[in-house]
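> What follows is a single structure, and I will ask about it in a moment.
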Amino acid sequence: MPASTVASAPLSPRQILDRLVKFPTVSRDTNLPLVDWVEEYLAGHGIQSHRHYNEDGTKAALFAHAGPWEEGAVVLSGHTDVVPVDGQHWTSDPWTVTERDGRLYGRGTCDMKGFDALAIWALVEAHRRGVNRPLQIALSYDEEVGCTGAPPMIAAMQGVLPKGAAAIIGEPSTMKVINGHKGGTGFHVHVKGFEVHSSLLPYGVSAIMEGARLIQWANDRNAMIQAQPRAPQALAFDPPFTTLHVGMISGGTAHNITAADCRFALEMRVVPGEDLEAHAQAFIVEVARLDAAMKQLRPEAGIHLDRFFGVPALTPEREGEAEAICRRLTGDNATGVVSYGTEAGQFQEAGYSAAICGPGDIAQAHQADEWLSLAEFEAGHRFMQRLLDELSR
Ligand SMILES: [Zn+2]
435 MPASTVASAP LSPRQILDRL VKFPTVSRDT NLPLVDWVEE YLAGHGIQSH
485 RHYNEDGTKA ALFAHAGPWE EGAVVLSGHT DVVPVDGQHW TSDPWTVTER
535 DGRLYGRGTC DMKGFDALAI WALVEAHRRG VNRPLQIALS YDEEVGCTGA
585 PPMIAAMQGV LPKGAAAIIG EPSTMKVING HKGGTGFHVH VKGFEVHSSL
635 LPYGVSAIME GARLIQWAND RNAMIQAQPR APQALAFDPP FTTLHVGMIS
685 GGTAHNITAA DCRFALEMRV VPGEDLEAHA QAFIVEVARL DAAMKQLRPE
735 AGIHLDRFFG VPALTPEREG EAEAICRRLT GDNATGVVSY GTEAGQFQEA
785 GYSAAICGPG DIAQAHQADE WLSLAEFEAG HRFMQRLLDE LSR
């Protein structure tokens, strides 16, 4: 049998998953070997892929279309990157899918190469069957470092493929239908002070004490937010309001020197219905006010802001198509919200109906010995089979 005939036999979802996990696509590293493999695999089954590279060309998103060349596709969206395994104790090789006790162990099996494998499988099937409604897949990079890869990918997709209508983001939800999550943004804050001996306090600027003002601003804002009536769109969340949080801080050199530097990270988790940018702007305005006051005393002092992520909320849709499809295919009539950010909000912002539904439990994501249960993977497979039936109608 010639090699090409062997290569053209479609792989099972499990076989695809085995291949995907073999690529150690930690967010800081390239994902191109994985993208090469997917592209070649799809090409071997008559499907053309498209790439969108990051700025330095070290990573790429891949998207592809099957079925009639027309608008209205269902889009299966996943990310290719995974979190590192550094410092984690693994029982088996994280880069090999190991099956034991009804579970598939390996980095990314749950978050979210299990879904990626199912999506690739479904796309090939859609092409083989000749569906009546198109199916697209969109595999991004840099999801785990703040969902920064999806917006340029979505823009590139819309320039190349007929516009899709409903995006299913397969983050682990134990195949439950999720129609909302909070938005979020974060700032690295670097407060620069001016060092003097602490006995001369009024002539120096303590970066720590100025930084404390910004942190207190966040405390005050939390109190103000919590004193306000709850927005109806926020009631499904726990807690049902926007929160601001400082998770780490460093600075200073000695108890008797005004600190030259103070660094901290501030994040905001914003409920749907509230303007993420308005919250971010309020902070930026406060920083500018304090920066000016510090410079009055010492022109060398000041505050530098570096915004390191910004993810729009997924707002529950009225009669949303993505949610309706997921409910039909899973039989799950309840809908829920999650507390983690995903690319779903970015698809929604770009004009797609969007919902989250994927195999696995988020509790297993990012852990040592990450696993996806075979039962969940099979539920995901059934979901794809039903989706193909629906697209074939
Ligand atoms: Zn994920």
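In this text, residue positions in the sequence shown follow my numbering: the first is 435, and each later residue adds one.
All residues carry an ideal CB built from backbone N, CA and C; glycine is no exception.
Would you check if the distance between the CB atom of P706 and the CB atom of Q667 is smaller than 8 Å?
Taking 8 Å as the Cβ cut-off, P706 and Q667 qualify as a contacting pair.
> Suppose contacts are defined by Cβ-Cβ distances below 8 Å. Is L496 in contact with E473 by that definition?
It is a contact, given that the beta carbons lie within the stated cut-off.
> Using C-beta distances below 6 Å, list every residue in its chain close to R879, excluding the 5 sequence neighbours before and after it, in chain order.
The first residue shown for the chain is 435 and the last is 827, placing residue 879 beyond what the model contains.
> With distances taken between CB atoms, is the gap from K694 to A641 smaller than 8 Å?
The amino acid at residue 694 is misidentified as Lys; the sequence shows Ala. Yes, Cβ-Cβ distance for A694 and A641 is below 8 Å.
> Since L763 and R820 are thought to touch, with beta carbons under 8 Å apart, how far apart are those beta carbons, to the nearest angstrom?
Sure, about 5 Å apart at Cβ, within 8 Å.
> Is the Cβ-Cβ distance between H615 and V772 less than 8 Å?
Yes, they are a contact pair.
> How many Å lie between P673 and G580 at the Cα?
Looking at the two C-alpha atoms, the distance is approximately 22 Å.
> To which residues does DSSP link W805 through a beta bridge?
Answer by DSSP bridge pairing, in chain order: Y539.
> Is F671 helix, strand or coil by DSSP?
Reduced to three states, the DSSP call for F671 is coil.
> Confirm the yes/no value for this check: CB of M546, any heavy atom of ligand 1, distance under 7 Å.
For ligand 1, at least one heavy atom lies less than 7 Å from the Cβ of M546.
> Can you tell me where the beta strand (DSSP E) with C485 in it begins and where it stops?
The question names Cys, yet the displayed sequence has Arg at residue 485. Residues 483-487.
> Note down, in chain order, each residue of its chain lying with its Cβ closer than 6 Å to the Cβ of G814, except the 5 sequence neighbours on either side.
Closer than 6 Å at Cβ, skipping near neighbours: L552, P793.
> Is it buried or exposed, W805, if we count other Cβ atoms within 10 angstroms and call 16 or more buried?
It counts as buried.
> Let me check one thing: in DSSP terms, what residues is T692 bridge-paired to?
According to DSSP, which records beta bridges pairwise, T692 is partnered with nothing at all.
> In chain order, what residues of the same chain lie with their CB nearer than 8 Å to the CB of A716, ignoring the 5 residues before and after it?
Cβ within range, chain order: R655.
> Which residue's Cα is closest to the Cα of G478: N690, A443, N465?
Cα-wise, what sits closest to G478 is A443.
> Does the separation of the CB atoms of N613 and E751 fall below 8 Å?
Their beta carbons are under 8 Å apart, which means N613 touches E751 by this criterion.
> So, at 7 Å on beta carbons, what are the nonlocal neighbours of M546 in its own chain, with the 5 sequence-adjacent residues on each side left out?
Around M546: G512, H513, G604, E605, P606, G792.
> For the structure I just gave you, are there three or more beta carbon pairs, one from the region 450-464 and one from the region 527-538, closer than 8 Å?
At 8 Å Cβ cutoff, the stretches touch.
> Of the residues R563, A494, P502, which one's Cα is nearest the Cα of D823?
The option with the nearest alpha carbon to D823 is R563.
> Opposite A584 in the DSSP bridges: which residues?
Its beta-bridge partners do not exist; DSSP assigns none.
> H393 lies in the alpha helix (DSSP H); which residues open and close that run?
Here the chain comprises residues numbered 435 to 827, so residue 393 is not present and cannot be evaluated.
> Is there at least one non-hydrogen atom of ligand 1 closer than 7 Å to the beta-carbon of E505?
E505: no, Cβ never under 7 Å from ligand 1.
> Tell me whether the beta-carbon of A789 lies closer than 8 Å to the beta-carbon of I602.
In contact: A789 and I602 (Cβ atoms closer than 8 Å).
> Starting from A722, follow the alpha helix (DSSP H) in both directions and report where the run begins and ends.
First-last of the alpha helix (DSSP H) with A722: 710-731.
> Spatial neighbours of V807 within its chain, please: C-beta separation below 7 Å, excluding the five flanking residues on both sides.
The residue you asked about is not Val; residue 807 is Ser in the sequence shown. So the list reads G536, R537, once near-sequence residues are dropped.
> DSSP on M702, reduced to helix/strand/coil?
Note: M702 maps to strand in three-state DSSP.
> Determine the burial state of D515: buried for a count of at least 16 other Cβ atoms within 10 Å of its Cβ, exposed for fewer.
That one is buried.
> Once the 5 residues before and after V440 are set aside, which same chain residues still bring their CB inside 8 Å of it?
For V440, the predicted model reports a pLDDT of 45, less than 50, meaning its position is unreliable; a value from the coordinates is still stated below. Answer for V440: no residue qualifies.
> Report the three-state DSSP secondary structure of V531 (helix, strand or coil).
Reduced to three states, the DSSP call for V531 is coil.
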